Every structure is written in C-alpha cells, then in structure tokens.
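Engineer: I'd like to ask you about the structure that follows.
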Amino acid sequence: MMKMHLPLFTISVLSLSLVFLGCDDSHEPAQKTESSSDGTSVPALNPSKALSVSISDDQLHSFISKDTLEQITQNLFDYFESTNEADWDQLMHFFPLHKNSDTAFVNSSKRALDYWTERGVQNRTEMAQVVYASPSFLDGDQEVVLINMNLRHYVEFLPHYDGPSPSGMKGMVESNYGKGNATYKENEVLEGDSLAFRYWEITGLNRIWALSHVDSAHWCFLPPNFNESGSAYMMSSDAMVGGLRHRRENDPTAQK
C-alpha cells in the first residue's frame, strides 16, 4: 500500500524521493519570501532556502474569489516551504487527510521521506507564480480547484547519494513536472567528493490540485497525475474532468 500511495502524495515537490521506493525493495523507507497577491516578494531570513510564491499581475485568469485565491497561495507557500526545510510533520498538514487520515500511513510517509533525505535526495522549490485558477467544484465533502503556475523547482542529488542514476530519470521527472520542463545538470566534482552535485532543474508551467474540506479554509494539494496507481479515490472523476475541461477552455496557457 505504501508504494502505491506515497509517491502520488508528494509528486509535486517530493516525488523522486518516494518513487525510489519502487527501485529498492530492501529498504523502508539570498532571501526567503512570503507569498503575495501582487507579484512582489517580502524579504525574510534564511537565504539558503529562498522561496517566492505569488499571483501573476498580467497573466492571471482566476475564476474564484480574491480571498480564496490568496488563501490557496498562502497554503501553497507553506506547502513548498515545508519541503524546502524537510519539515515532514508540517508537510503532512497539506495532504488531504480528510480522505486518508490513517496514522500508519502518516508515519510511513515520514519514514520514507526521512530515508531518502538522509540518502542525499532533496527537493527545493524556488519560485511559483499562479496564472490560472479554475472555479471551485463541490466534490462530496470537499471543494476542488485546479491551479496552473509557472514553476522553478530543483530535484537535487548530493555527492553522497548512491541510488539509481539521476541522469536516467528524465521520463520520471517529466511525468511529474511536464514534458520539456526538465534539464539535467552536474556541477564539478569538489575536492573530497567522489561524485558531483547533480540535479534536475524544472522550469515551466505546472498544474496542481487544491482541495479543502467544506468545513475548512485550509487547502491541501495533489499532483496532476494523482489518479494514477490507485489514488483516484482522492477526487471524483466529475470534479477532475470539470477542472481539466474548464482549464482547456479558459486558460490561455493550456496549449503550451
């Protein structure tokens, strides 16, 4: 069960850390910025984990209220920040636990994340700018909004990483972040290291599903391909098809 659902929860920001569970059956697994609605960034501390999440001024096509979009954007900032800082307890707050609140699931998720982080895999989001938000679709006990954004994200492999070769992961990365959005890079081998710092740089448009229980203003997130490999129960097909159809008809970037 863990191999089936864990990767789908974290594909947007931690997918590769967890997808590796299927590759190795011997294991269990200069500023930070606040989100803003005008495209500007508010400086804060911790320059090593710079993050900007904003709403586009000139490209935005939104079909929800300004307040709702700003709340989603703030929660999206917190979601990415949790990943950047490897704060798995906080990250789990952005999984739709109203659909799966099993304690064993939560604990196994955090163990898997810890395992791959210690092994040398880290995911880091640098920038996300929302350019489209669908209407809110009522889906049983939750509301669903499809978000499209310009994303700059890195899947990084530290020199001590000893798992499957990162250079051969193009298909996996593109299935998570969009075809043509990922570029593989290697830095020079530093003195004292046997391997280079390797990473995938993702730059381009990326979708994400935002979900909120009807009795809550807190938004959680699922990757665009969440319904693959057994997690379709997270959202009805009507809500998913409705969001995708609306984006196709109303988001100018849909064909890019």
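Numbering (numbering that gives the first Met the number 0), first residue to last: 0 to 255.
The C-beta atom is built at its ideal place from N, Cα and C for all residues, glycine as well.
Because the structure is a prediction, the values reported are computed rather than measured.
Within its chain, find whatever has a CB closer than 8 Å to the CB of Val130; leave out the 5 residues flanking it on each side and keep chain order.
Structural biologist: Position 131 of the sequence shown, counting from 1, holds the residue named residue 130. Same-chain partners within the cutoff: Ser55, Gln58, Leu59, His60, Asn147, Met148, Asn149, Leu204, Asp250, Thr252.
Engineer: Mind checking who Trp208 pairs with in its DSSP beta bridge?
Structural biologist: To locate residue 208, count along the sequence shown from 1; it is residue 209. Trp208 pairs with Leu145, Leu221.
Engineer: Buried or exposed: where does Gly167 fall if 16 or more other Cβ atoms within 10 Å of its Cβ makes it buried?
Structural biologist: Counting from one through the sequence shown, the residue named residue 167 turns up at place 168. By the 10 Å Cβ count, Gly167 comes out exposed.
Engineer: Indicate the three-state DSSP secondary structure (helix, strand or coil) for Leu114 in the structure shown.
Structural biologist: Taking the first residue of the sequence shown as position 1, residue 114 is located at position 115. A quick correction: the sequence has Tyr, not Leu, at residue 114. Looking at Tyr114 - three-state DSSP - the assignment turns out to be helix.
Engineer: What would DSSP say about Gly162, mapped onto helix, strand or coil?
Structural biologist: The residue labelled residue 162 in the question sits at position 163 within the sequence shown. Gly162 falls in the coil class under three-state DSSP.
Engineer: Just reading off the alpha helix (DSSP H) that Asn99 is part of, what are its end residues?
Structural biologist: Along the sequence shown, one-based indexing puts residue 99 at 100. Neither: Asn99 is in no alpha helix (DSSP H) and is coded neither H nor E.
Engineer: Expressed to the nearest angstrom, what Euclidean distance is found between the alpha-carbon atoms of Phe196 and Ala111?
Structural biologist: The count along the sequence shown starts at 1 and reaches residue 196 at position 197. The count along the sequence shown starts at 1 and reaches residue 111 at position 112. Their Cα atoms are separated by approximately 22 Å.
Engineer: Which one or two residues does DSSP pair with Gln128 in a beta bridge?
Structural biologist: Here residue 128 corresponds to residue number 129 of the sequence shown, with the count starting at 1. According to DSSP, which records beta bridges pairwise, Gln128 is partnered with Ser53, Asn149.
Engineer: Assign Asp75 to buried or exposed, taking buried as 16 or more other Cβ atoms, counted over all protein chains shown, within 10 Å of its Cβ.
Structural biologist: Here residue 75 refers to the residue found at position 76 when the sequence shown is read from its first residue. What sits at residue 75 in the sequence shown is Leu, not Asp. Buried.
Engineer: Would you tell me roughly how many angstroms separate the C-alpha atoms of Thr116 and Arg206, rounded to the nearest one?
Structural biologist: Indexing the sequence shown from 1 puts residue 116 at position 117. Indexing the sequence shown from 1 puts residue 206 at position 207. C-alpha separation (whole angstroms): 25 Å.
Engineer: For Arg246, count neighbouring C-beta atoms within 10 Å of its own C-beta (all shown protein chains included) and say buried if the count is 16 or more, exposed if not.
Structural biologist: Working through the sequence shown from its first residue, we reach residue 246 at position 247. Buried, by the Cβ-count rule.
Engineer: Return the chain-ordered list of same chain residues with a C-beta closer than 6 Å to the C-beta of Ser236, the five sequence neighbours on each side being excluded.
Structural biologist: Counted from its first residue, the sequence shown places residue 236 at position 237. Same-chain partners within the cutoff: there are none.
Engineer: How is the beta strand (DSSP E) around Tyr183 delimited, first residue to last?
Structural biologist: Position 184 of the sequence shown, counted from the start, is the residue given in the question as residue 183. 181-185 is the span of the beta strand (DSSP E), which, as asked, contains Tyr183.
Engineer: The beta strand (DSSP E) spanning Phe76 covers which residue range?
Structural biologist: Mapped onto the sequence shown, residue 76 falls at position 77. Here Phe76 belongs to no beta strand (DSSP E); instead the alpha helix (DSSP H) covers 65-83.
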